[in-house]
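All remarks here apply to the structure that follows.
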Ligand SMILES: Cc1cc2nc3c(=O)[nH]c(=O)nc-3n(C[C@H](O)[C@H](O)[C@H](O)COP(=O)(O)OP(=O)(O)OC[C@H]3O[C@@H](n4cnc5c(N)ncnc54)[C@H](O)[C@@H]3O)c2cc1C
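In the working numbering, the protein residues as written are 107 to 419.
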């Protein structure tokens, strides 16, 4: 860990990655300002389910992603027991996946994972484990409340224009334009927020048996989030919701015997996906540290990535 304390740091971005990074830097004695165009809506952090799961990330850097994920996991587990207002709860997960039948444990798994029948129609075999679920509408304000100063709300057109000894780039998909990163791509997601209906609030179910029909149900404290889809798109603005996707998700829930409540909202977002996470100093501008490209796993990796940035200062 670096001994340099008391540096002036500008963090760009107030999604889950920027806020977590800013708080870790603040905790280490740095003077931190967060600058962001948006907070909560319409960031992708506000759309996420959000469960602990290294999804759509780590294609090229699994070892790093594994470390960041499990470090974040320990932090979220701690919040679940110490800070109920943060909106983090530990749930039972059932991941219905062909790899269970083949006995191939997922690369991100810890030792606690085991095969068990999923509590849905047909009782297919699933990977069963316990992991945290985060409610973004509670979690993001919980993080922001701990900042020493309010978020400065504005768009940034160049990292070089920003003050500070250090600038940390946590702009998610915004980095595609801000630093001209062609490797970063948006992967479209669409979720339905529904009433609880008859679905238990203590378990998350994903069904990945058919790659063309990804399905998951994630309970929040008083509603459900149903997905999903993962489709690469051009551009940085999420396309509008597609009624066919919503119908497919609801039909999948019914097939599994999940009696969900009425649909309250349909939301879309773009996961900031990159072949490998961009985490570390810029090669050309040593004042800049990048921390973006967390794919479908920003909540899963945020604290581990924040520790890595703070260690690099
Ligand atoms: C449907 C869906 C479900 C998901 N489910 C999960 C899940 O279950 N678990 C999980 O871990 N992850 C999940 N994700 C992924 C997760 O949402 C993202 O990985 C994470 O939110 C990315 O966070 P971020 O802070 O990097 O980006 P963002 O939330 O996009 O925040 C970026 C910030 O940077 C700011 N910014 C960008 N450009 C500029 C600029 N030029 N000037 C000023 N400010 C700028 C924005 O205003 C914003 O404040 C899901 C995503 C989707 C779409």
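Glycine is no exception: its CB is placed at the ideal position from the N, C-alpha and C atoms.
- Minimum Cα-Cα distance from residue 193 among the listed residues 207, 200, 182 and 312 corresponds to 182.
- Shown here, residue 355 sits in a helix according to DSSP, grouped into three states.
- Counting only residues of its own chain and dropping the five nearest sequence neighbours on each side, residue 284 has a CB closer than 6 Å to the CB of 277.
- Burial state of residue 390 is exposed, judged by a 10 Å Cβ sphere holding fewer than 16 other Cβ atoms.
- Straight through space, the alpha carbons of residue 111 and residue 236 are spaced by roughly 37 Å.
- In this structure, the CA atom of residue 140 is about 10 Å from the CA atom of residue 129.
- Inclusion of residue 198 and residue 309 in the CB contact set at 9 Å is warranted, their separation being smaller than that value.
- Taken in chain order, the unbroken stretches of beta strand (DSSP E) that lie wholly in the stretch 176 to 244 and span 3 residues or more are 194 to 202, 220 to 223 and 231 to 240.
- Contact between the stretch 266 to 274 and the stretch 286 to 300 is absent, with fewer than three C-beta pairs closer than 8 Å.
- Contiguous alpha helix (DSSP H) elements confined to the stretch 328 to 395 occur at 349 to 361, taking only those with 4 or more residues.
- Annotation: the continuous beta strand (DSSP E) that includes residue 292 extends over 291 to 300.
- When the five nearest sequence neighbours on each side are left out, the beta carbons in the same chain lying within less than 8 Å of the beta carbon of residue 315 are those of 202, 203, 204 and 230, in order along the chain.
- When C-alpha distances from residue 399 are compared across 350, 214, 154 and 281, the shortest belongs to 281.
- Excluding residues up to 5 positions away in sequence, 130, 131 and 134 lie with their Cβ nearer than 7 Å to the Cβ of residue 416 in the same chain.
- Judged by the Cβ position, residue 243 fails to qualify as a neighbour of ligand 1 at the 8 Å threshold, every heavy atom of the ligand being at least this far.
- Two segments are said to touch when three or more pairs of C-beta atoms, one from each, lie closer than 8 Å; by this definition the stretch 136 to 150 touches the stretch 117 to 125.
- Separation of residue 360 and residue 234 (C-alpha to C-alpha, rounded to the nearest whole angstrom) is 21 Å.
- With a cutoff of 9 Å on beta-carbon distance, residue 335 and residue 351 are scored as near each other.
- By the Cβ rule, the stretch 328 to 343 counts as touching the stretch 296 to 307, because three or more pairs are nearer than 8 Å.
- Closest in C-alpha terms to residue 190, from the list 397, 259, 409 and 249, comes 249.
- With 16 or more other CB atoms across the displayed protein chains lying within 10 angstroms of its CB, residue 214 is buried.
- A straight line joining the alpha-carbon of residue 305 with that of residue 275 spans about 40 Å.
- Within the model, the alpha-carbon separation for residue 363 versus residue 324 is close to 15 Å.
- When the alpha-carbon of residue 187 is set against those of 313, 322, 239 and 408, the nearest one is in 239.
- CA-CA distance, residue 355 to residue 288, rounds to 32 Å.
- Counting the other CB atoms within 10 Å of its CB gives residue 210 a total below 16, which places it among the exposed residues.
- The continuous alpha helix (DSSP H) containing residue 409 extends over residues 404 to 418.
- Annotation: the stretch 248 to 288 contains the following complete segments of the alpha helix (DSSP H) (minimum length 4 residues), in chain order: 281 to 284.
- For residue 160, no pairing in a beta bridge is given by DSSP.
- Assignment of residue 149 by DSSP, reduced to helix, strand and coil, places it in the coil class.
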